[in-house]
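Asker:
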Amino acid sequence: MKNKTILFGLTAVFLISAALLGCGSEDRDKAREDRSGEHGEEDHGHSEDEGHIELSPEALKTLDIRTVPAGLRALGDEIRTTAVIEPDRTKTAHVSPRIAGRVEEVKSFLGESVKKGHVLAEIDSIELGQAKAEYLKAKADYEVTLAEYRREERLFRKEISSEKEYLGAKGDFLRSEAGLNTARETLRLLGLSDAEISGLAWEVKGHASSHYLLIAPFDGTVIEQHTILGELVTPEDNLYTIVDLSRLWILLDVYEKDLRLVGGGSEVDIDVDSYPGERFKGTVTYVSDTLDESTRTAKARVEIPNPDGKLKPGMFATAAISLPSREGKEVVAVPASAVQRIRGKPAVFVREGEDTFEMREISPGRESGGFVEVLDGLEPGDEVVTEGGFYLKSVVLKEEMGEGHAH
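Using our numbering, the first residue of the sequence shown is number 61, and each one after it goes up by one.
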């Protein structure tokens with residue numbers, strides 16, 4: 061009786077365990093189906109089978125996928141080196157006051173775009189006021205002595221006035237003329253133009269204006285500002301630095317062994333971390349005549365347009381100097397932006413139809429001018445994805461990680 065009781069208990073335990081395992085299996089199958097359905101919605105409706113990806117019409121509308129045909133191209137070699145972006149020194153100005161004074165008004169500020177002739181600040185200078193007053197006084201004295209000299213000259217010719225009186229008037233006139241020229245030259249040294257000097261006049265209460273304007277010398281951007289209302293400034297103070305950022309210099313290092321290959325006119329592609337995948341093009345305009353003894357490199361200057369202001373002085377960059385093809389042989393090449401690294405290997409996505417794409421591993425060769433040579437894996441005319449490839453790559457990697465897709 062005791063043995064039967066034990067046997068009955070073991071049988072009951074076995075049946076209950078089997079029932080629980082069956083329920084768990086059903087729950088797991090249901091959860092797997094739910095997850096598969098969820099992933100199908102997240103992936104914008106696509107299917108993927110051994111590197112072949114099919115996108116739904118909705119996904120194609122959402123994603124900006126662009127392609128270009130692989131083509132034959134004569135690729136030259138290139139030299140890759142480090143570089144730093146600097147302002148064009150021919151379009152950089154340090155604006156200082158012409159004469160000591162006090163800042164009366166600040167009209168331009170850091171980061172502001174200014175035009176040539178724009179007023180940056182207004183400065184009051186006692187010394188300038190005195191120089192203007194001396195000029196106006198010398199001008200008045202000149203006009204009086206000139207009139208007296210002409211009168212004495214007429215009287216002397218008519219023998220009404222003596223020679224002594226005539227020579228005395230002439231001497232006064234010559235001295236006043238010299239004084240006027242000295243006063244005018246002083247104002248020129250202080251930065252006034254001839255037009256400004258000619259327009260000088262006594263102001264209210266018989267005083268000459270002691271104010272002058274700090275002017276922008278050309279169109280540019282204020283990258284430094286050191287002006288405070290009411291502070292005393294001198295010609296040694298750099299109150300503003302203005303740079304025309306529409307064109308920049310890029311200084312790069314060329315190793316001694318490569319100097320014979322680089323010269324004026326060499327084309328250069330610039331890459332910066334801030335804009336991955338985007339290349340900026342410039343031209344070598346100067347190669348230094350001396351070498352850095354510690355690095356055995358010479359500085360080369362590249363001038364590059366910067367109309368959108370994306371590049372900033374101080375940025376570090378990588379430069380690729382294009383060299384002419386030595387053989388002139390054409391090879392299959394694609395834009396560098398088309399090449400992805402998937403599972404540690406270089407690959408591209410090829411458009412097979414309106415909504416289908418194939419991942420193909422390739423064997424890359426040389427890279428030059430933003431293009432990559434393809435030794436194996438592509439034929440001329442194959443449509444490779446240049447924009448939108450990161451999404452297709454994510455589809456492949458999700459499948460590799462075991463995530464479901466909507467089929």
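Cβ coordinates follow ideal geometry from the N, Cα and C atoms, glycine included.
Buried or exposed for L452, going by 16 or more other Cβ atoms inside 10 Å?
Answerer: Buried: at least 16 other Cβ atoms inside 10 Å.
Asker: Looking only at DSSP bridge pairs, what is S382 linked to?
Answerer: Bridge partners of S382: E138.
Asker: From D103 to V455, what does the alpha carbon distance come to, in whole angstroms?
Answerer: Interpretation of D103 is limited by its pLDDT of 46, a score under 50 that renders its predicted location unreliable; no figure is taken from the coordinates.
Asker: Quick one: give me the first and last residue of the beta strand (DSSP E) that P365 is part of.
Answerer: 357-365 is the extent of the beta strand (DSSP E) around P365.
Asker: By alpha-carbon positions, which one of T127, P117, A119, L115 ends up nearest to E447?
Answerer: T127
Asker: Using three-state DSSP, classify P117 as helix, strand or coil.
Answerer: P117 falls in the helix class under three-state DSSP.
Asker: Within 10 angstroms of the Cβ of D442, are there 16 or more other Cβ atoms? Answer buried if so, exposed if not.
Answerer: buried
Asker: Just list the residues that DSSP pairs Q400 with in beta bridges.
Answerer: Partner(s): A407.
Asker: Assuming E291 is part of the beta strand (DSSP E), what are its boundary residues?
Answerer: First-last for E291: undefined, no H or E at that position.
Asker: Quick one: grab the DSSP three-state call for K341.
Answerer: strand
Asker: Just to confirm the assignment, what range does the beta strand (DSSP E) spanning E390 have?
Answerer: 390-395
Asker: Helix, strand or coil: how does DSSP classify S221 here?
Answerer: coil
Asker: Rounded to a whole number of angstroms, what is the C-alpha to C-alpha distance between M375 and G437?
Answerer: 37 Å
Asker: How is R88 classed by DSSP in three states: helix, strand or coil?
Answerer: Here the model assigns R88 a pLDDT of 41, short of 50, so the residue's position is not dependable, and the following value carries that caveat. Looking at R88 - three-state DSSP - the assignment turns out to be helix.
Asker: Would you say the beta carbon of F450 comes nearer than 8 Å to a heavy atom of the ligand SAH?
Answerer: Absent from the structure shown: the ligand SAH. Ligands present: none.
Asker: DSSP three-state call for I302: helix, strand or coil?
Answerer: The DSSP-derived three-state label of I302 is strand.
Asker: Can you look up G82 in the DSSP assignment and give me helix, strand or coil?
Answerer: Since pLDDT at G82 reaches only 45, below the 50 mark, its modelled position is unreliable, and no value is offered.
Asker: Threshold first: 4 residues or longer. Then list the alpha helix (DSSP H) segments lying entirely within the region 202-261, N to C.
Answerer: Fully enclosed alpha helix (DSSP H) runs of 4 or longer: 223-249, 254-258.
Asker: Can you tell me whether DSSP reads P426 as helix, strand or coil?
Answerer: For the sequence presented, residue 426 should be read as Arg rather than Pro. Three-state result, R426: strand.
Asker: Taking C-alpha atoms, which residue in G323, I310, E316, R320 lies nearest to D329?
Answerer: I310
Asker: Reducing DSSP to helix, strand and coil, say where F376 ends up.
Answerer: strand
Asker: Closest to V144 by CA distance: which of K458, E418, V392, I364 is it?
Answerer: Closest in C-alpha terms to V144, from the list K458, E418, V392, I364, comes I364.
Asker: Could you give the first and the last residue of the continuous beta strand (DSSP E) run that contains I310?
Answerer: Boundaries of the beta strand (DSSP E) harbouring I310: 307-315, taken from the DSSP string.
Asker: Hey, how far is the Cα of R211 from the Cα of A191?
Answerer: 30 Å
Asker: To the nearest angstrom, how far is the alpha carbon of E208 from that of I257?
Answerer: 25 Å
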